[in-house]
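Numbering (my numbering), first residue to last: 212 to 634. Cβ atoms here follow ideal geometry from the backbone N, Cα and C, with glycine treated the same way. Only a predicted model underlies this, so the values are computations on that prediction, with no experimental measurement involved.
Laid out in structure tokens, this is it:
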């Protein structure tokens, strides 16, 4: 793996301070800002795979989905809402599996839509086979397999093993195949995703399990395999950059073995989310208050975990930089220990905390009220995980493409929240 080298100039997307200040003046803070060119470059890194399928849960704005579609990327959906987002973005279930619905359960309304739209389903439980098979014989499906082990950058992102709700337990595969035959379902592929932030050792283990524990013993007739997602990105200076060629080669070696075993050419999908969009996004907010509590310096900003959940949910790190109110880049200023927190009525509304919830600090310039903070690498699981907690409206999203900023989600109005309850 290559070592990450941060752009000391300002950010990974080469978005100038002048542009950011212009957007602040036009839209006010806080807001999300994405760079389309960054996303396109990430897509190019995965072009060796036959199919790139975007995990839209990471960033589900329909304008981001449109960008993906224009670049030839397919889409994964995990709810009826995500299916409808994909349709609005121009994806068509009739076009060579544009959309795959991946889940471990069927809600009644989702099952009806999946059948009426003839959307391929990535089945994650035995019950789903019964529910789909009884009313939609011949339906195209995948099987998502839990291989009995998992791995993730956080225990909450581990999606394999005995403590995971995801996928069909590998020892139940024979039962699944029997039900597929019973209901005359059309098995297209096998999917195996064990978690987010997978390293090469665990990746090799997944490849081996796909071949030796799943395909060779049970010999399901398939046309495609999925490498899942979970490709990491460098959030910290010391983090490594994933070698996408090595990643592809590990899976391609497995694919070639499968080809030899089945005497046919199997296609290979990859299902990235974070890898495609995380580094494209920044979150811009403003300093509202500064508190000194004994030896702790708190900088309070106008975003909370209702906007950016990852630090509270996972203890995730995001690099934070600062711009003065007057537009001066503060990157070269002397740094001091700083705890960055939000406005929510929650003691845990802290952006500088560890995985165990322990309050930590980051090294920031000595910012003042009205200065701006930039949270980097927030394009994935940022806006898509936002909520209205404390009755706070969702904030704008802006996409820069061909050097032109486009508002892709306006700021939500408080009245819109209230109107939902005026039944």
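Query, Result
"With DSSP as the reference, identify every bridge partner of residue 664, one or two as the case may be.", "With the chain covering only 212 through 634, there is no way to say anything about residue 664."
"Give me the Cα-Cα distance between residue 381 and residue 261, rounded to the nearest whole angstrom.", "26 Å"
"What's the C-alpha gap between residue 453 and residue 442?", "7 Å"
"So if DSSP puts residue 288 in a beta bridge, which residue, or which two residues, is it bridged to?", "312"
"Starting from residue 456, trace the alpha helix (DSSP H) in both directions and tell me its first and last residue.", "455-473"
"Should the segment 303-321 be called in touch with the segment 285-292, which here means at least 3 C-beta pairs below 8 Å?", "yes"
"Does the beta-carbon of residue 634 have 16 or more other beta-carbons within 10 angstroms, so that it is buried, or is it exposed?", "exposed"
"Whole angstroms is fine: what's the gap from residue 603's alpha carbon to residue 513's?", "11 Å"
"Looking only at its chain, what residues have a beta carbon closer than 8 Å to the beta carbon of residue 240, apart from the 5 residues adjacent to it on each side?", "495, 496, 497, 513, 583"
"Quick check: residue 333 and residue 402, are their CB atoms within less than 7 Å of each other?", "yes"
"Look up residue 365 in the DSSP assignment and say whether it is helix, strand or coil.", "With a pLDDT of only 44 at residue 365, under the threshold of 50, the placement of this residue in the model should not be trusted; the figure read from the coordinates follows. DSSP places residue 365 in coil when its eight states are reduced to three."
"Buried or exposed for residue 537, please, with buried defined as at least 16 other CB atoms from any protein chain shown within 10 angstroms of its CB.", "exposed"
"Could you give the distance in angstroms between the alpha-carbon of residue 490 and the alpha-carbon of residue 394?", "44 Å"
"By the DSSP assignment, the alpha helix (DSSP H) with residue 251 in it spans what residues?", "247-256"
"So residue 509 and residue 558 are supposed to be a Cβ contact under 8 Å. How far apart are they, rounded?", "Not confirmed; about 12 Å, so no contact."
"Applying the criterion that 16 or more other CB atoms from any shown protein chain within 10 Å of the CB defines a buried residue, is residue 345 buried or exposed?", "exposed"
"So, are the CB atoms of residue 257 and residue 481 less than 7 Å apart?", "yes"
"For residue 338, which of helix, strand or coil comes out of DSSP?", "helix"
"At which residues does the beta strand (DSSP E) containing residue 573 begin and terminate?", "573-576"
"What residue from 550, 230, 389 has the CA that sits closest to residue 505's CA?", "550"
"Using the Cα positions of residue 273 and residue 400, report the straight-line distance between them to the nearest angstrom.", "27 Å"
"Taking the alpha-carbon positions, what's the residue 249 to residue 593 distance?", "17 Å"
"Tell me which same chain residues have a C-beta within less than 8 Å of the C-beta of residue 477, skipping the five on either side of it?", "433, 434, 435, 436, 466, 469, 470"
"Quick one: what's got a C-beta closer than 6 Å to residue 390's C-beta in the same chain, skipping five residues either side?", "340"
"Looking only at its chain, what residues have a beta carbon closer than 8 Å to the beta carbon of residue 613, apart from the 5 residues adjacent to it on each side?", "247"
"In the DSSP assignment, find the alpha helix (DSSP H) that holds residue 522 and state where it starts and stops.", "521-525"
"What is the DSSP secondary structure of residue 634, reduced to helix, strand or coil?", "coil"
"Determine, using beta carbons only, whether residue 607 and residue 242 come nearer to each other than 7 Å.", "yes"
"Since I believe residue 234 is in contact with residue 616 (beta carbons under 8 Å), could you give me their beta-carbon distance rounded to a whole number of angstroms?", "6 Å"
"In the DSSP output, what is residue 492 paired with across the bridge?", "245"
"Say the cut is 6 Å; is the CB of residue 608 nearer than that to a heavy atom of the ligand SAM?", "The model depicted lacks the ligand SAM and carries no ligand whatsoever."
"Under the assumption that residue 379 contacts residue 357 (Cβ atoms under 8 Å), give the Cβ distance between them as a whole number of angstroms.", "6 Å"
"Hey, how far is the Cα of residue 574 from the Cα of residue 628?", "37 Å"
"Starting from residue 264, follow its DSSP beta bridges and name the residues at the other end.", "285"
"Let's see if you can read the secondary structure: which residues bound the beta strand (DSSP E) around residue 558?", "Run containing residue 558: none; DSSP gives neither H nor E here."
"Tell me whether residue 361 is buried or exposed, calling it buried when 16 or more other Cβ atoms sit within 10 Å of its Cβ.", "Reliability fails at residue 361, whose pLDDT of 46 lies under 50, so the model's placement of it is uncertain and no value is given."
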